[in-house]
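> Below are the structure tokens for one structure; questions will follow.
Numbering (the working numbering), first residue to last: 62 to 515.
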């Protein structure tokens with residue numbers, strides 16, 4: 062972690078090496094570091110700070126772009142990093158504008174397919190082309206790269222630098238963020254397994270990737286290792302989450318330390334809800350209610366994680382312990398154990414709550430899907446969709462997307478397209494932006510119209 066003064070009188074923590082590295086522009090590296098940090102944690106405070114200083118960081122490169130191919134390449138890369146940030150926060154028009162600026166700058170540079178920076182920028186272009194609605198791509202005439210082909214460009218670009226090069230690390234980090242956005246967390250984690258050495262940011266992104274891939278034991282080992290070697294409280298947060306998914310009360314102490322050490326106000330509600338779950342699973346109902354009250358009064362609810370924490374705290378009085386336990390086990394990759402918990406839940410325990418019924422059918426489908434029982438999983442997803450077309454919760458929409466994934470894997474692309482379009486029609490209010498982005502991207506991968514901005 063590096064502390065650097067970016068604006069008079071204002072300091073921010075920025076991940077990365079010293080900005081005095083003569084081989085890389087300090088301003089460029091500041092922009093890149095802030096973009097990675099903002100995309101990774103999706104914190105509105107980071108987002109506001111990124112936006113306020115964006116013009117100031119871009120200006121010297123705009124001035125030099127016509128005189129220096131190097132400055133033009135760096136400017137193109139900075140525009141694309143900005144586009145990643147705007148896309149992450151749902152600002153698709155702003156993202157398209159930055160892509161257009163990058164494209165105009167990039168196409169003025171003589172083609173250099175043997176230059177790693179040129180390949181890096183082309184790879185990020187390809188990723189972004191597959192992740193914004195098609196109508197917005199019309200703002201970038203001439204952008205016709207395949208949305209499936211960014212990995213070869215980024216891999217080749219990274220391979221052209223020495224093993225410990227800061228340029229190589231930068232490309233690996235950008236590649237990992239693209240893979241995470243494309244729901245390929247295991248590949249992202251593998252990519253960063255050896256990258257960065259003693260750098261904490263690659264380690265953090267790798268652990269987030271492993272968490273999303275359900276590799277909970279690796280998250281426990283990695284977070285424990287970095288927790289005693291770094292002053293970054295996020296390792297404590299990840300370790301607490303991992304112990305919670307395993308059903309261990311060690312989670313409580315980790316989350317308590319995170320809440321004590323972390324000075325920000327975002328993700329506090331999320332951490333407090335998880336702390337409440339620790340108490341609920343242990344049968345300490347009064348402690349559970351205490352932390353639920355704190356979810357409602359502490360921190361902000363500007364991040365999706367914090368907003369969802371408030372939503373879940375609102376109906377947590379009727380939460381089913383078994384469903385919660387199965388959900389956490391599933392998220393940790395303990396699929397057989399999750400199935401055993403689900404099989405112990407009696408139907409009469411959940412029929413009183415429409416949300417619990419949808420959660421049960423959806424969760425059973427996901428567990429069966431992970432265990433390779435696709436036909437049974439598809440039946441469970443269809444049941445979730447039938448029961449919840451008008452429901453505000455995320456289960457039916459995600460069920461439709463997962464059903465599409467099963468059909469696409471089996472080669473039934475017309476049926477997969479039907480499920481993806483159905484996903485876009487759902488009334489869900491939870492995780493709405495990310496669900497719809499997944500459905501659009503999946504339709505695009507089938508070569509099917511993606512329903513524009515619906």
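We put the CB at the ideal spot given by N, CA and C, even for glycine.
Could you pull out every residue in the same chain whose Cβ sits closer than 6 Å to the Cβ of residue 399, ignoring the five residues on either side in sequence?
Mapped onto the chain shown, residue 399 falls at position 338. So the qualifying residues of the chain are 387, 390, 391, 428.
> Kindly indicate which three-state DSSP category residue 393 falls into: helix, strand or coil?
Mapped onto the chain shown, residue 393 falls at position 332. When secondary structure is reduced to three states using DSSP, residue 393 falls in the coil class, being assigned neither helix nor strand.
> Alpha carbons only, please: which of 162, 393, 504, 333 is nearest the one belonging to residue 352?
Within the chain shown, the letter at position 291 stands for residue 352. Ranking the options by Cα distance to residue 352, first place goes to 333.
> From residue 168 to residue 161, what distance separates their C-alpha atoms?
Within the chain shown, numbered from 1, the residue matching residue 168 stands at position 107. Within the chain shown, numbered from 1, the residue matching residue 161 stands at position 100. For residue 168 and residue 161, the distance between alpha carbons rounds to 11 Å.
> Nearest CA to the CA of residue 340: which residue from 415, 484, 317, 493?
Here residue 340 refers to the residue found at position 279 when the chain shown is read from its first residue. Considering only alpha carbons, the answer is 317.
> Quick check: the segment 243-251 against the segment 364-373, are at least 3 beta-carbon pairs closer than 8 Å?
no
> Between the Cα of residue 502 and the Cα atoms of 145, 176, 358, 191, which residue gives the shortest distance?
If you number the chain shown from 1, residue 502 lands on position 441. The shortest C-alpha to C-alpha distance from residue 502 to any of 145, 176, 358, 191 is the one to 191.
> Quick check on residue 137: buried or exposed, where buried means 16 or more other Cβ atoms within 10 Å of its Cβ?
To locate residue 137, count along the chain shown from 1; it is residue 76. Buried, since its Cβ has 16 or more Cβ neighbours within 10 Å.
> Which term fits residue 171, buried or exposed, when burial requires 16 or more other beta carbons within 10 angstroms of its beta carbon?
Locating residue 171 in the chain shown gives position 110, counting from the first residue. Residue 171 sits exposed, since fewer than 16 C-beta atoms from the chains shown fall within 10 Å of its C-beta.
> Which parts of the segment 275-354 are runs of the beta strand (DSSP E), unbroken and 3 residues or longer, counting only runs that do not cross its ends?
none
> Quick check: does the Cβ of residue 306 come within less than 8 Å of any heavy atom belonging to the ligand ADP?
Questions concerning the ligand ADP fall outside what the structure shown contains, since it holds no ligand whatsoever.
> With a floor of 4 residues, list each alpha helix (DSSP H) that falls wholly inside the segment 225-278, ordered by position along the chain.
227-242, 246-252, 261-273
> Locate the alpha helix (DSSP H) running through residue 429, then write down its first and last residues.
Mapped onto the chain shown, residue 429 falls at position 368. It spans 415-431 - the alpha helix (DSSP H) in which residue 429 sits, taken as one unbroken run.
> Should residue 513 be labelled buried (16 or more other beta-carbon atoms within 10 Å of its own) or exposed?
Counting from 1 along the chain shown, the entry for residue 513 is found at position 452. Below a pLDDT of 50, predicted positions are generally treated as unreliable, and residue 513, at 47, falls in that range; the measurement from the model is reported next regardless. The residue in question, residue 513, is exposed, as its Cβ has fewer than 16 Cβ neighbours within 10 Å.
> Using only the alpha-carbon positions, how far apart do residue 337 and residue 380 sit?
Position 276 of the chain shown, counted from the start, is the residue given in the question as residue 337. Position 319 of the chain shown, counted from the start, is the residue given in the question as residue 380. Answer to the nearest angstrom: the Cα atoms are 12 Å apart.
> Taking the alpha carbon of residue 87 as the point to measure from, which residue in 357, 118, 99 has its own alpha carbon closest?
Numbered from 1 along the chain shown, position 26 holds the residue referred to as residue 87. Out of 357, 118, 99, 118 has the C-alpha closest to the C-alpha of residue 87.
> Buried or exposed for residue 75, please, with buried defined as at least 16 other CB atoms from any protein chain shown within 10 angstroms of its CB.
In the chain shown, counting from the first residue as 1, residue 75 sits at position 14. For residue 75, the predicted structure reports a pLDDT of 37, less than 50, and the residue's modelled location is therefore unreliable. A value from the coordinates is still provided. So residue 75 ends up on the buried side.
> On the three-state DSSP scale, how would you describe residue 496?
For this step, residue 496 is matched to residue 435 along the chain shown. Of the three classes helix, strand and coil, the one that applies to residue 496 here is helix, per DSSP.
> Nearest-angstrom Cα distance between residue 268 and residue 466?
Reading the chain shown from its first residue, position 207 is the one you call residue 268. Reading the chain shown from its first residue, position 405 is the one you call residue 466. Residue 268 and residue 466: Cα-Cα distance of roughly 25 Å.
> If you check the beta carbons only, do residue 151 and residue 494 fall under 9 Å apart?
Numbered from its first residue, the chain shown carries residue 151 at position 90. Numbered from its first residue, the chain shown carries residue 494 at position 433. Going by C-beta atoms, residue 151 is nearer than 9 Å to residue 494.
> Where in the segment 101-155 do unbroken runs of the alpha helix (DSSP H), each at least 4 residues long, occur, reported from the N-terminal end onward?
105-125, 130-149
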